[in-house]
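For reference, the structure discussed in these notes is given below.
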Amino acid sequence: MKNTLLSLDTKYLYENKNLGHLIANEIVKVESNHLRKSIDKIEENIAVAQYDFIEVLKEDSYIKSVQNVYENLKWAEYMVVIGIGGSDLGGRTIVEAFYKKSNQMKVLFAGDSTDPVAFQRILDQIDIKKTVFNVVSKSGGTLEPLSTYVFYKSQAKKVASNWAKHFVFTTSSVKGILKDEAGRHNVITLPVPEGVGGRFSVLTPVGLLPALAAGVDIKDLVTGALNFATNVETRKVAQKLARSQYELYQQGVKVSVMMTYSVQLQEFARWFRQLWAESLGKDGKGILPIKAWGPADQHSQVQFYNQGSPLQSILFVKIKNRKTNFTLKGIDVPEAEYLEGNDFNTIVNIEADATAQSIYDEGRPTAMLSVEELTPYALGELFMLFELAVVYLAEMLEVNAFDQPGVESGKILINQKLGKN
Ligand code: PA5
Numbered sequence: 004m005k006n007t008l009l010s011l012d013t014k015y016l017y018e019n020k021n022l023g024h025l026i027a028n029e030i031v032k033v034e035s036n037h038l039r040k041s042i043d044k045i046e047e048n049i050a051v052a053q054y055d056f057i058e059v060l061k062e063d064s065y066i067k068s069v070q071n072v073y074e075n076l077k078w079a080e081y082m083v084v085i086g087i088g089g090s091d092l093g094g095r096t097i098v099e100a101f102y103k104k105s106n107q108m109k110v111l112f113a114g115d116s117t118d119p120v121a122f123q124r125i126l127d128q129i130d131i132k133k134t135v136f137n138v139v140s141k142s143g144g145t146l147e148p149l150s151t152y153v154f155y156k157s158q159a160k161k162v163a164s165n166w167a168k169h170f171v172f173t174t175s176s177v178k179g180i181l182k183d184e185a186g187r188h189n190v191i192t193l194p195v196p197e198g199v200g201g202r203f204s205v206l207t208p209v210g211l212l213p214a215l216a217a218g219v220d221i222k223d224l225v226t227g228a229l230n231f232a233t234n235v236e237t238r239k240v241a242q243k244l245a246r247s248q249y250e251l252y253q254q255g256v257k258v259s260v261m262m263t264y265s266v267q268l269q270e271f272a273r274w275f276r277q278l279w280a281e282s283l284g285k286d287g288k289g290i291l292p293i294k295a296w297g298p299a300d301q302h303s304q305v306q307f308y309n310q311g312s313p314l315q316s317i318l319f320v321k322i323k324n325r326k327t328n329f330t331l332k333g334i335d336v337p338e339a340e341y342l343e344g345n346d347f348n349t350i351v352n353i354e355a356d357a358t359a360q361s362i363y364d365e366g367r368p369t370a371m372l373s374v375e376e377l378t379p380y381a382l383g384e385l386f387m388l389f390e391l392a393v394v395y396l397a398e399m400l401e402v403n404a405f406d407q408p409g410v411e412s413g414k415i416l417i418n419q420k421l422g423k424n
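Residue numbering for the sequence shown follows this note's numbering, starting at 4 and increasing by one per position.
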C-alpha cells in the first residue's frame, strides 16, 4: 500500500499556551471516556462493513460502468453536469483540482441555481449539438436539477433529432422521476448506490463521470480513499481531527474554518462546508463550517480570525510540492529584489505558515493539514479523511451524520409554493 500523502499537525492547537485566555479552560483531553467510546463504536461499524460510502469503493463495477458510459459519450465536446448539493460539489471539486486546457471534453456545472442568468451563461459557452447533459440527482425529484433538466431537454429537442442521446442520468436505480424518465426515453443511466447519501457520494458515479470526462485517473482517486479508510493508522488522522474539533466545541468554539492555500482546493473547501453543515448541524448542536481561501482571505476574513470574537478554530490546508511552478529571476524592480530566486510554490506556503503563526500568536486555535503533492490519490485521501472525521465527530456530538431534515423541510415547502401536489 502506498504511503499516505497527508499529514495533520495539531501542535498549534495543543501547544498554544495563549489559548487559555480566550476560551473557558485550557484545551484538555475532555471526556476522554466518551471520546474513546465514540471512536470505538465507529471502528466497530467500519469492521462490520456498515458504511456503504466505504464499501462501494471495494467494488470495481462502479468504475467499470462509468468507463463504459463514458465510451458512449466521447463524441461530445461539452459535458454539463446538472446537480445540486451532494450531487454537485464533489464533481466540481475533482474537476477544479485537475482542470487541464487540453481536455477533449469541457466540463461545466449547472443545476445548483435557478437564476435565469445562470442558464444564459451556460448557453453562451456551449453548442447543444456537441453537448451531453449529465443530470445527477439521487432522488430524481429535487427542484433545481429537475427544472434545469426540463429546460435543457426542451432546448435539445429544438436542435437534435435524437435529443435523448444528449442526456445521461446519474440517479437511483430503484425509484424516482429520472429513473422513470430514462425508461420512457431510453436515456443512458448510471446508479447512485442506495446506501450512499448525497454528500458522501463523490467517489461513486456521481463524481466519477465528471472526473473521467475531465481526464482524471478515477482509479487512483478511489484507491486513495479506499486505502485511507482501510488503514488503521490513517484512520487515526481522521480521529485526531474529529477529536480536536470536539474538544474545542466543548470549550465553546463552535465554528470551524477551513482555509485552503491552493486554487486547486477552493471547491474542496465548499465540499467540506456542505459535508460538515448537513452532517453535524442538527438537534441544536453542531460546528458551523466556514470556507476561506488563502492568500485572498488574508486581506479579508483573517482580520477577524486574528482579533475578532474568538468563535472559531482554523484548519489550514497547504500543498507542499507542485509540479507547476515559476521562479522569480532577474528582478529589475529595486524594491522587489528581496524576492529574487523565490518560486511561487515556496511563496504560497510561506504565506500559509506565516498566517497560521500570526493567528497562533494571538492565542487562537489553529492546525495545519499538509498534502505532499495534490494527485488524484491524495484528493481521494482528503475526501475520505473528512468523511470519516465527520462520522466520528457526529458520534461524539450524538447526532445522526446521515440525515438532513432541515434541508428536506425546505424542499417540501418550495415544492408546495410552486404548486406541486
Ligand atoms: O447530501 C445530501 O443528501 C444533499 O445535499 C443532496 O445531495 C441534495 O439535496 C441533492 O439531492 P438529490 O441528489 O436527491 O437531487
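Yeah, the Cβ is synthetic: ideal placement off N, Cα and C, and Gly gets one too.
Original post:
So Ile1 and Leu382 are in contact, right, with Cβ under 8 angstroms, and what is the actual spacing, rounded?
Top reply: Residue coverage of the chain in this structure runs from 4 to 424, which leaves residue 1 outside it and unanswerable.
Subject >> Three CB pairs or more closer than 8 angstroms across the segment 163–171 and the segment 219–226 >> reply: no
Original post:
What are the residues that DSSP puts in a beta bridge with Pro194?
Top reply: The partner list for Pro194 (beta bridge, DSSP) reads Thr174.
Subject >> Reduced DSSP secondary structure (H/G/I, E/B, other) of Tyr264 >> reply: strand
Original post:
What span of residues does the beta strand (DSSP E) with Lys323 cover, start to end?
Top reply: Gln315 to Asn324
Subject >> Under 8 angstroms between C-beta atoms of Pro213 and Gly88 >> reply: no
Subject >> Bounding residues of the alpha helix (DSSP H) (the contiguous stretch that carries Ser247) >> reply: Val235 to Gln253
Original post:
Beta-carbon separation of Ala100 and Leu291 under 8 angstroms?
Top reply: no
**OP:** Check whether the Cβ atoms of Tyr17 and Ala359 lie closer than 8 angstroms to each other.
**Re:** no
Subject >> beta-carbon Thr145 near the ligand PA5 non-hydrogen atom, thresh 7 angstroms >> reply: Yes - the ligand PA5 has a heavy atom lying nearer than 7 angstroms to the Cβ of Thr145.
Original post:
Using the beta-carbon count (16 or more within 10 Å), is Ile415 buried or exposed?
Top reply: Around the beta carbon of Ile415, fewer than 16 other beta carbons sit within 10 angstroms, so the residue counts as exposed.
**OP:** For Pro292, name the three-state secondary structure that DSSP assigns.
**Re:** strand
Original post:
Roughly how many angstroms separate the alpha carbons of Asn189 and Ser175, rounded to a whole number?
Top reply: 16 angstroms
Original post:
Sorry if obvious, but does the Cβ on Arg202 come closer than 7 angstroms to a heavy atom of the ligand PA5?
Top reply: yes
Original post:
Hey, how far is the Cα of Glu250 from the Cα of Leu400?
Top reply: 11 angstroms
Subject >> Counterpart residues of Phe112 in DSSP-defined beta bridges >> reply: Val84
Original post:
Along the chain, where does the alpha helix (DSSP H) that runs through Ala52 open and close?
Top reply: Segment: none, Ala52 is in no alpha helix (DSSP H) and carries neither H nor E.
**OP:** State the start and end residues of the unbroken alpha helix (DSSP H) segment that holds Thr468.
**Re:** This structure leaves residue 468 out entirely; the chain is present only between 4 and 424.
Original post:
With Ile45 and Glu281 assumed to form a contact (beta carbons below 8 angstroms), what rounded beta-carbon distance in angstroms separates them?
Top reply: About 18 angstroms separates the beta carbons of Ile45 and Glu281, which is beyond the 8 angstroms limit, so they are not a contact pair.
Original post:
Cβ of Gln407 within 7 angstroms of any heavy atom in the ligand PA5?
Top reply: Under cutoff, so the answer is yes.
Original post:
Buried or exposed: where does Gly287 fall if 16 or more other Cβ atoms within 10 Å of its Cβ makes it buried?
Top reply: exposed
Subject >> 8 angstroms contact criterion, which Asn328 and Phe347 should meet: CB distance rounded >> reply: That pair is a contact at about 6 angstroms.
Original post:
Thinking C-beta only, is Leu314 closer than 8 angstroms to Val370?
Top reply: First, the amino acid is wrong: residue 370 is Ala here, not Val. With respect to Leu314, Ala370 sits apart: the two C-beta atoms are not nearer than 8 angstroms.
Subject >> Span separating the alpha-carbon of Ala404 from that of Asp55 >> reply: 13 angstroms
Original post:
By Cβ distance, which residues of its chain are closer than 7 angstroms to Leu229, with the 5 residues on each side in sequence left out?
Top reply: Leu60 and Lys61
Subject >> Among Phe389, Val69 and Val320, nearest to Asp373 - alpha-carbon criterion >> reply: Correcting the residue identity first, residue 373 is Ser in this sequence and not Asp. Per the Cα distances, Val320.
Original post:
Should Asn48 be flagged as near chain B, meaning a C-beta pair shorter than 8 angstroms?
Top reply: Here chain B cannot be found, since the structure has a single protein chain.
Original post:
For Phe405, which three-state DSSP category applies?
Top reply: coil
Original post:
Do Phe172 and Thr192 have their C-beta atoms closer together than 8 angstroms?
Top reply: It is a contact, given that the beta carbons lie within the stated cut-off.
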